[in-house]
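Below is one structure, written out as structure tokens; comments come after it.
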Amino acid sequence: MNRFAELLDAIAFEPSRNGKLRLTAAYFRATPDPDRGYALAAMTGALSFKYAKPALIRTLIGERTDPVLFALSYDYVGDLSETVALMWPALPGLRDHPPSLGEVVNILASSGKIQLPGVITNLLDRLDEKGRWALLKLITGGLRIGLSARLAKTAVAQIGGHHPNDIEEIWPGLTPPYEELFAWVDGSGEKPHITGAAPFRPVMLSHAIEDRDFESLSAKDFRAEWKWDGIRVQAVAGTQEDGLRSARLYSRTGEDISAAFPELAEVMRDPLFGQCAIDGELLILREGKVEPFGALQQRLNRKTVTAKLILDFPTRIRAYDLLALGGEDLRALSFLERRSRLERFIASLPPERFDLSPMLPFESWEQLAAARTSPVEFAAAENAPAIEGVMIKRADSVYVPGRPKGLWYKWKRDPFNIDAVLMYAQRGHGKRSSLYSDFTFGVWRSGAAGDELVPVGKAYFGFTDEELKRLDKYVRENTIDRFGPVRVVTANKAQGLVLEIAFEGLQPSPRHKSGVAMRFPRISRLRWDKPAGDADRIETLMALIGPRR
Amino acid sequence: MSALLTLTPEGLYCPAGDFHIDPMRPVARALITHGHSDHARAGHGAVLATEETLAIMAIRCGEAFTRSRQTAVLGQKIALGETIVSFHPAGHVLGSAQISIEGKHEGRLTRIVVSGDYKRQHDPTCLPLEPVRCDIFITEATFGLPVFRHPDTRHEIDRLLASCKLFPERAHLVGAYSLGKAQRMAAVLREAGYDRPVFLHGAMEKLMAFYASRGVDIGETRKISAADRSGLAGEIILCPPSAINDAWAGKFPDPVAAFASGWMRIRARARQQGVELPLVVSDHADWDDLTTTILETGCSEVWVTHGEAEALVHWAQTRQLRAKPLHMLGYGEEEDSAAAEDATA
Ligand SMILES: [Zn+2]
Ligand SMILES: [Zn+2]
Chain S
1 MNRFAELLDA IAFEPSRNGK LRLTAAYFRA TPDPDRGYAL AAMTGALSFK
51 YAKPALIRTL IGERTDPVLF ALSYDYVGDL SETVALMWPA LPGLRDHPPS
101 LGEVVNILAS SGKIQLPGVI TNLLDRLDEK GRWALLKLIT GGLRIGLSAR
151 LAKTAVAQIG GHHPNDIEEI WPGLTPPYEE LFAWVDGSGE KPHITGAAPF
201 RPVMLSHAIE DRDFESLSAK DFRAEWKWDG IRVQAVAGTQ EDGLRSARLY
251 SRTGEDISAA FPELAEVMRD PLFGQCAIDG ELLILREGKV EPFGALQQRL
301 NRKTVTAKLI LDFPTRIRAY DLLALGGEDL RALSFLERRS RLERFIASLP
351 PERFDLSPML PFESWEQLAA ARTSPVEFAA AENAPAIEGV MIKRADSVYV
401 PGRPKGLWYK WKRDPFNIDA VLMYAQRGHG KRSSLYSDFT FGVWRSGAAG
451 DELVPVGKAY FGFTDEELKR LDKYVRENTI DRFGPVRVVT ANKAQGLVLE
501 IAFEGLQPSP RHKSGVAMRF PRISRLRWDK PAGDADRIET LMALIGPRR
Chain Y
1 MSALLTLTPE GLYCPAGDFH IDPMRPVARA LITHGHSDHA RAGHGAVLAT
51 EETLAIMAIR CGEAFTRSRQ TAVLGQKIAL GETIVSFHPA GHVLGSAQIS
101 IEGKHEGRLT RIVVSGDYKR QHDPTCLPLE PVRCDIFITE ATFGLPVFRH
151 PDTRHEIDRL LASCKLFPER AHLVGAYSLG KAQRMAAVLR EAGYDRPVFL
201 HGAMEKLMAF YASRGVDIGE TRKISAADRS GLAGEIILCP PSAINDAWAG
251 KFPDPVAAFA SGWMRIRARA RQQGVELPLV VSDHADWDDL TTTILETGCS
301 EVWVTHGEAE ALVHWAQTRQ LRAKPLHMLG YGEEEDSAAA EDATA
């Protein structure tokens, strides 16, 4: 565990992708099974730890240290796990036999809720400070290791000189601690074969198009379609050796999300689907109308899927590509050839669950630009809120996993903008834990005693390090009240900081005081110059709900 | 009843002996604990310090840093006015000393020890700290929180060497204060068996040569010229902390930004400074060493000059010691001011 923690620590400080890869590959080479497998599982999110609440961690440190010294230390460090890891008092002798990562995983898996405090205390006693930090981050669910699952798999592939896609292909059939995978990359075992009749195929991703790209690209070489505001999925069906039908729904990273959408898996088990792999967007449609992303969110991260939920939020896959059909791999064909097969195939499927993402006819980039800025005129008007922009794909592009250059582009719609007033600030996480970097902002509305601010969102990014320093200073100098970690800053018509907020969309939300929730809000400009009284009103914001322009 | 030691705008002052200790502004007579720029300033009428500290002040501020110098020999008693003073090793940097003052304090014969900066960790470049029994102990608290527990220096050096091995095509720029830390890093690298030359930023050169002349084993060092930089893949380069992220660093092959400092223990601190390889090596006492030292002096009263005074004062009070913070501004900035000074040197 201490060694794994050293790796996490080093990765967190290493800025370059290549450096992270080298560190990770070196760790996998030097670490025996099953520890390296559990490490891979932790990095790819395949490990579920027994979660401990921060309150439990506070209790444990409270039993060992002076509360005043803990409070002063926590205030200085700004991060609970790190503070506890650093100041946990060592008991002599216990560090001589630090637990391995595998041991930690097993101990946590086999202990119940009542045993958990004792088990964690014992582990903390036996680990060094980096080990304690990693353990606390893992069990409080706060581990942001700065390394994607893809990078971890790439590091494994590097050991055996394989392509990371080779790992992605077999990944869904593998389970921690991945001993057969490591045996294969070490050269001491066979390549684990793709298990199941419905394997995942690594997806092809697009680049954001830039203005200057249009100068070198010719519109006639490309095809376009809407970019839908749903979830990218791969729907795969097949027949097992025993004749039973198998159907899986994967996220774009290869995570099996079938369990959350049983109605789709059930349809796909129909022999009608044969052996197929469809690439498309998962959407919620009601009466033929695509709902904004908020509706789909109701179906995510649910423990149980009720019949009512399935009925109230009807799912559909809007297909835009076909990777395999009838046992044939189509990925080496051109986009146009795959598209014509897809059109024929989709026509044979139940339309309430599978339909086609329509092609957008255009002859020039100007025409496409018009469609992008005003989908209302080009698509059925009621679908416009669910459209994020357009996708542009080379007509002759083969399906290449990863993010190949020059083949697929996304062209997002311009964001919305409003001017809001800073109301509350909170300290950030990780690198920003000592700075006030989470900002809640509001807009004006009429209240009983005249105009008042109502919070409409929270933003964590969109500013430079320099600006952040200035914001942090501003917050500290203009604090008028505190609630736990939250500082309330001066915000009235005469005095207050105006933030220009960019965001992708807006949806009604009864959970928020203002009645609306923003998608992807970020600070686009700090308006030190603008009087707080001139910031936008809630009515302006409300007018943005619904079809745009 | 008069106090043996008081606080004036210039810093700690002993009326019975008519001298200041580590004053922040020019005074008639100054006793200096060590050569860091926040403690050792130029322009005093007379300076009493160890021979090494006087030499370091002459290197950093020029020979004319004071009108008259007097050398303090460690352990030797010197009568000043109605007091007896003596200097004792502090383990901080070469020549660093604690200053003991004996005299009447509020009517009673009292011994006060002003520690200056100190540490207890292994350091082949200077004499180890000798705790001095006293009534009032005046301590720093740079790392006065229980989150600060410095690891074994050798462990951090091993991490640096492991990184050089993993990234042999990258230059390792190690930010280190030019007085004390840089020499200690070089010396511990030698103890770890590292036998490549250690490369030096121009600002590190003079003090490195001074340490070598005093018999500290820092092995072969080389000053680097602009032309050399691109050829230093896999090498260790010692430079002022401010240099690890500036344009100078950009000329090295894919540099790894390392920084040797006690602050590196706090992740947010290390990241804010753009450090990729934080090395927790400090010349200041960590929490355990601060508390151990206070207890070993047998003092009944603790004054905390600078740093995280609140926690240390609280701790001392839980041990039934009288304790107070002095809130002295101006100390603890040696690192910043020295870095700025080095960068222009
Ligand atoms: Zn110092
Ligand atoms: Zn100092």
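From first to last, the protein sequence lines are chains S and Y.
So the first sequence is numbered by our numbering: it starts at 1 and just counts up by one.
So the second sequence is numbered by our numbering: it starts at 1 and just counts up by one.
Note that the Cβ used here is the ideal one computed from N, Cα and C, for glycine as well.
Bear in mind the structure is a predicted one, so any value in this text is a computation, not a measurement.
By the Cβ criterion, the stretch 240 to 247 of chain S is in contact with the stretch 259 to 269 of chain S, since at least three pairs of Cβ atoms, one from each stretch, lie closer than 8 Å. Checking the DSSP bridge columns, you'll see M268 (chain S) has no partner listed. Listed along the chain, the chain S residues whose CB falls inside 7 Å of the CB of E276 (chain Y) are F13, E14, P15.
Under a criterion of Cβ atoms nearer than 7 Å, no residue of chain Y is adjacent to S81 (chain S); the nearest Cβ is some 10 Å distant. Per the DSSP secondary-structure output, I136 (chain Y) pairs in a beta bridge with Y:I112, Y:E301. In this structure, the straight-line span from the alpha carbon of D96 (chain S) to that of P89 (chain S) is close to 15 Å. Near chain Y, meaning a CB-to-CB distance below 9 Å, the residues of the stretch 33 to 65 of chain S are T65. Closer than 9 Å at the C-beta level to chain S, one finds these residues of the stretch 296 to 310 of chain Y: E308, E310.
Think of a sphere of 8 Å around the beta carbon of H327 (chain Y): no beta carbon from chain S falls inside it, the nearest being about 16 Å out. The Cβ atoms of P26 (chain Y) and H44 (chain Y) sit closer than 7 Å to each other. Per DSSP, reduced to three states, the secondary structure at G234 (chain Y) is coil, with no helix or strand assignment. Assignment of D38 (chain Y) by DSSP, reduced to helix, strand and coil, places it in the coil class.
A distance below 7 Å separates the beta carbons of V421 (chain S) and A535 (chain S). From the beta-carbon of R22 (chain S), the residues of chain Y found nearer than 9 Å are L166, F167. Contact with chain Y is found for S433 (chain S), since one of that chain's Cβ atoms lies less than 7 Å from the residue's Cβ. Residue pairing by DSSP puts V486 (chain S) in a beta bridge opposite S:Q426, S:F483. Within a 10 Å sphere around the beta-carbon of F483 (chain S) sit fewer than 16 other beta-carbons, which makes this residue exposed. Between Q234 (chain S) and A197 (chain S), the CB-CB gap reaches or exceeds 7 Å. According to DSSP, residue pairing for M57 (chain Y) in a beta bridge does not occur. Proximity of chain S to T318 (chain Y) at the Cβ level (cut-off 8 Å) is accounted for by D66, in chain order. Between D355 (chain S) and F293 (chain S), the CB-CB gap reaches or exceeds 7 Å.
Against chain Y, the beta carbon of V77 (chain S) has neighbours under 8 Å at V147, I266, A268, listed in chain order. The residues V488, V489, T490, in chain order, have a CB closer than 7 Å to that of I480 (chain S) in the same chain once the five nearest residues on each side in sequence are set aside. When only Cα atoms are considered, T44 (chain S) and R150 (chain S) end up about 8 Å apart. Counting along the chain, F19 (chain Y) sits inside the beta strand (DSSP E) bounded by residues 19 to 21. When only Cα atoms are considered, G243 (chain S) and D256 (chain S) end up about 22 Å apart.
Chain S places a beta carbon closer than 7 Å to that of H314 (chain Y), counting this residue as a contact. Counting every other CB atom within 10 Å of its CB across the protein chains shown gives G175 (chain Y) a total of 16 or more, marking it as buried. For D534 (chain S), the shortest C-beta to heavy atom distance toward ligand 2 is 6 Å or greater. Judged by DSSP in its simplified three-state form, I57 (chain S) adopts helix.
Between K251 (chain Y) and R229 (chain Y), the gap from beta carbon to beta carbon is short of 7 Å.
For L283 (chain S), the enclosing beta strand (DSSP E) stretches over residues 276 to 286. Where G180 (chain Y) is concerned, there is no enclosing alpha helix (DSSP H), because DSSP gives it neither an H nor an E. In the three-state scheme derived from DSSP, where H, G and I count as helix and E and B as strand, M359 (chain S) is classed as strand. At a Cβ-Cβ threshold of 7 Å, D286 (chain Y) and F143 (chain Y) count as neighbours. Linking A49 (chain Y) to R265 (chain Y) through their CA atoms gives a straight-line distance of about 33 Å.
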